[in-house]
Each structure stands twice: as structure tokens, then as C-alpha cells.
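J.: I have a structure here, written as C-alpha cells, and I will follow up with some questions on it.
Residue numbers (mature numbering (1 follows the signal peptide of the UniProt record, and there is no 0)): -32 to -1, 1 to 432.
Here you go:
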């Protein structure tokens, strides 16, 4: 008994080391075209993540529903990665900038709202991105495979984009980096022949950097001061969440799963600075609007609730389906509190809750080869009137296919490909600068976007 437990702990320790190495190799990869990165499993991607809460077919169940570990036939380690190939283009449809006085009689000194100078079309702001993940699931010795422990490491949230410095949306965003790593120790227990439960702790590390330009409010009146300023915000944080799940198998061949992942509330600590906004020596004007100070900002990652079903139709065919609720309404704004007592830096988001659905199937061609495919509808949480170029998102439609092949008795390789069609949505946010002062300036965006994503994933599983 003692040696068995020591062996399990040793394997978990080796798993942690391997997962940490994978994270180090993919330290720049915790980013994607979307805010939530679903790509935490190659087999799951192959069926568009249909029925993830009930699938329980490999070690990635550590992430999708820890209760599923009790359905594995033996311990397993899984490592993989998804290469995201996003393409997004934004086009100006009439964005304007209103200079100081647009709400006061002083507005007569300025021209009517004018177009924003610069490139009216964006570059593709996204580079190809590798998102790694890894899991280890092990039965505890002398428990008749009723008690399991596992660990998982991945990057479930992230975003990275880089626009040209002179594009029309530069007062909204020029550079965005968000990396969220999640380390999750989990445990599962088979209560009886038809019920298993599981759960774990989510240890979350977040790092963010946001950059944009700021218009000089006197640029129209004094052209020599027309240059933009550069706003930079960065910070990091540790926080803890949890996840729990259960799987019911009322009859052989039918599984029903439910899984809840709590929201995680980060408080990012870092720096905020503005450089390059200088004013002419006019009465009542300061010499500059520049600042550099400590800053704090909340980052509320959403809770999620998933329901899944897996139904064997024949010994060779299984159908899967799933419904997932995302509590995106917790992400209301980006608000940076300045350490120097200056006004908060606020960027409203007003995300809304969404419900995604997915269907898929698997075909067991023979003892070595499994084929799978799936479809998912994933609505955008972004809201009309607040859609930002940092996440110029639309409703998403996933088409996925994949395969698994046993290259030896205890080792399998997984492959998946997905194309995501993204509905075109308007970029229609407003950004106010120098609010409450005579220099108040408003930028009103009116743009359109065209986006899609291709994903190629490869993984390796080893059973012991």
C-alpha cells in the first residue's frame, strides 16, 4: 500500500515536471483569437468539444470534468498543442473624432467631427499561435480504481494582437497581450456503479499588457502638437478558483455529465503610463498630460456550467452533445486605478452571458483507429455599442474533424482540424479622453470586420 501510494505520487511529480516544461516551451502561447481558449484537448477539438462533460475518454477529462477519470481503464499522461491560425480584418466605415468643446460653446473654434487620420484598414493583428496543454490522471492504489488523482496545466484564457501604429482604430487598441495559465490538481471518486464525482482547485496566473494611442486635444488648433500620445498598462496577478463535476451512467452505453468551473477574480498589479501628450504654453493649460504610476485593475474571468451526453448507438458508433453557459457578464469593464490619485482609466466592455451548443460523433474504425467530427455554435459575448478592436468578435460556427491512432499498445497519437466561421459584426465603441476637463475629446468608431480561424492540433497519450 505504502509503495503503491509512493509510486502514484512519484508519477504525479514527474507529470508536474513535464507539464512545467511544456508550459515553459509555450510561455508565449497563452493567447488566441478569442478571450476564452477552448483548445484544451486534441480529441475534444476533433468533435468540436461536443459532450465534453460526459466523454471521459482520455486524461483531458481532468479539465472538462474530473469525475470522468474514474471511467479511464488505466492511468494516462497526455500532452498536446493546438496551432491557431486566425485572420481578422477591420475596415473603417466612418469613424470620427470630436476635439475639445464639442459639448460646449467653445466647439465653434473647432471643425465639425472629422475623420480619423491614418490607414482606414487594419492589418491582420494575429500571428500564428501555439496553445499547449498537458494532463496526468492516475488511480490511487488499493482503491479498486474508485479513487483517482490528476493534474492539468493549460492556458484557458488569452489574447494577443498587434495593429499598425497608424491604423484608424489606434485610439482603441494598438497592442494587446493577455496570458492566463491554469494549474489544476483534481480528485475523483466512483461512488457506485452509476455515479462518479470529482473536483479540483484552479491555480491561475494572469499577465496582461494593453497599449493604445491617445489623441492630442489641441492638435487641430496647433498642428505642431498634433502627435499622438502612447498609453501603456501592464500588470500580473495570482488567484484561485475551483471546479466540480459529476457523471451519471444510468445504463451501459449512456453517460450524462455536468461540470461547473468557478469564475476567477484577478487583481492585476503593475504600471500605467502616458507619454507624448504635450501642450503649447497657453493660459490654463498644463505643460503635459503625461504620467507614470503604479496601477491596479480587476480581471474577472467568467464562470462556466456545462452539460454533456455520450450515447453509444452501436459498438462502433457514439454520439455526443453538449450545452455550455458562460457567465461573461462578470466582465463589465477594464478599470485601472492609478496610484498617483489621478482619474481612473476606464474602458467599458459590458459583455453578456452566452450559451453555446455542440454535437458530434465518433466512429471506431477498428481497435487502433478512431474517427470523429463535430459542430459547435458559440455566440459572442461582445455587445453592440461596446465592441472593441481588442476583441472584434462575432458568433462562431465550428466545423471539426479528427482521428486517434494507437501506434503501440500503450501509446496513441491524436490529430484534429477545425475551421471557425465568424459572423461579421460592427466595431462601434466610443472612447472619451480628458473627461470632465475643457480638453474633452471623443472618438466614435464605425467599422466592420471579417474574421475566421483555422486550427491544427496534435497530441500524444501514454497509458500506464
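A virtual CB, placed ideally from N, CA and C, is assigned to each residue, including glycine.
Is there contact between the segment 250 to 263 and the segment 276 to 293, where contact requires at least three CB pairs shorter than 8 Å?
T.: no
J.: Can you list, in chain order, the residues of its chain with a C-beta nearer than 6 Å to that of residue 222? Leave out the 5 residues immediately preceding and following it.
T.: 279
J.: Buried or exposed: which applies to residue 432, given that a residue is buried once 16 or more other Cβ atoms fall within 10 Å of its Cβ?
T.: Residue 432 comes out exposed.
J.: In angstroms, rounded to a whole number, what distance separates the CA positions of residue 219 and residue 161?
T.: 10 Å
J.: Taking its Cβ as the centre, do 16 or more other Cβ atoms sit within 10 Å of residue 284, making it buried, or is it exposed?
T.: exposed
J.: My assumption, with CB atoms under 8 Å, is that residue 122 sits in contact with residue 33. Please give the rounded CB distance.
T.: Their Cβ separation, rounded to whole angstroms, is 15 Å, which puts residue 122 and residue 33 out of contact at 8 Å.
J.: Just how far apart, CA to CA, sit residue 417 and residue 306?
T.: 33 Å
J.: Could you tell me which residues DSSP pairs with residue 151 in its beta bridges?
T.: 121 and 171
J.: Can you tell me the Cα-Cα spacing of residue 202 and residue 299, whole angstroms?
T.: 18 Å
J.: Going by C-alpha to C-alpha distance, which of 387, 3, 395 and 296 sits closest to residue 353?
T.: Distance from the Cα of residue 353 is smallest, within the candidate group 387, 3, 395 and 296, for 395.
J.: So, helix, strand or coil for residue 189, using DSSP?
T.: coil
J.: Can you give the Cα-Cα distance for residue 35 and residue 148, rounded to whole angstroms?
T.: 24 Å
J.: With a 10 Å radius around its C-beta and 16 neighbouring C-beta atoms as the bar for buried, classify residue -8 as buried or exposed.
T.: Low per-residue confidence applies at residue -8: pLDDT is 42, beneath 50, and the placement is therefore not dependable enough to give any value.
J.: CB-CB under 8 Å to residue 404, same chain, minus the five flanking residues each way: which ones, in chain order?
T.: 311.
J.: According to DSSP, simplified to helix, strand and coil, what is residue 2?
T.: Because the pLDDT at residue 2 is just 43, under 50, the model does not fix this residue reliably, and the point stays unresolved.
J.: Roughly how many angstroms separate the alpha carbons of residue 415 and residue 301, rounded to a whole number?
T.: Between residue 415 and residue 301, the C-alpha separation is close to 21 Å.
J.: With C-beta atoms as the reference, is residue 372 less than 7 Å away from residue 409?
T.: Contact: no.
J.: Would you give the residue range spanned by the alpha helix (DSSP H) that residue 31 belongs to?
T.: For residue 31, the enclosing alpha helix (DSSP H) has its first and last residue at 29 to 32.
J.: Using only CA atoms, which one of 330, 421, 358 and 184 lies nearest to residue 365?
T.: 421
J.: Which residues in the same chain have their Cβ closer than 6 Å to the Cβ of residue 124, if we skip the five residues on either side of it in sequence?
T.: Once the five neighbours on either side are set aside, the close Cβ partners of residue 124 are 5 and 150.
J.: In the structure shown, what three-state DSSP assignment does residue 250 receive?
T.: coil
J.: For the putative contact between residue 425 and residue 48, defined by C-beta atoms under 8 Å, what is the C-beta separation to the nearest angstrom?
T.: About 6 Å separates the beta carbon of residue 425 from that of residue 48, a gap short enough to meet the 8 Å contact definition.
J.: Is residue 322 helix, strand or coil when you go by DSSP?
T.: strand
J.: List the DSSP bridge partners of residue 102.
T.: 47 and 121
J.: Can you list, in chain order, the stretches of the beta strand (DSSP E) that have 3 or more residues and sit fully within the segment 332 to 365?
T.: 337 to 346
J.: Since residue 367 sits in a beta bridge, which residues does DSSP pair it with?
T.: 343 and 387
J.: Suppose contacts are defined by Cβ-Cβ distances below 7 Å. Is residue 427 in contact with residue 382 by that definition?
T.: Between residue 427 and residue 382, the CB-CB gap stays under 7 Å.
J.: Does DSSP put residue 285 in a helix, a strand or coil?
T.: DSSP, read as helix, strand or coil, puts residue 285 in strand.
J.: Which class does residue 38 belong to by DSSP, given the choice of helix, strand or coil?
T.: helix
J.: Might you give, ordered along the chain, the residues of its own chain that have their beta carbon closer than 6 Å to the beta carbon of residue -24, omitting 5 neighbours on each side?
T.: Only weak support exists for where residue -24 lies, its pLDDT of 43 falling under 50; the value from the coordinates is given anyway. For residue -24, there are no CB contacts under 6 Å within the same chain when 5 residues up- and downstream are skipped.
J.: For residue 397, which residues of its own chain have a beta-carbon under 7 Å away from its beta-carbon, when the five flanking residues on both sides are left out?
T.: 140, 354, 355, 356 and 413
J.: Are the CB atoms of residue 20 and residue 384 nearer to each other than 7 Å?
T.: no
J.: Beta-carbon separation of residue 26 and residue 46 under 7 Å?
T.: In contact: residue 26 and residue 46 (Cβ atoms closer than 7 Å).
J.: How is residue 245 classed by DSSP in three states: helix, strand or coil?
T.: coil
J.: How many angstroms separate the CA atom of residue 334 from the CA atom of residue 374?
T.: 10 Å
J.: For residue 389, count the other beta carbons within 10 Å of its own beta carbon; 16 or more makes it buried, fewer makes it exposed. Which is it?
T.: With fewer than 16 other Cβ atoms within 10 Å, it is exposed.
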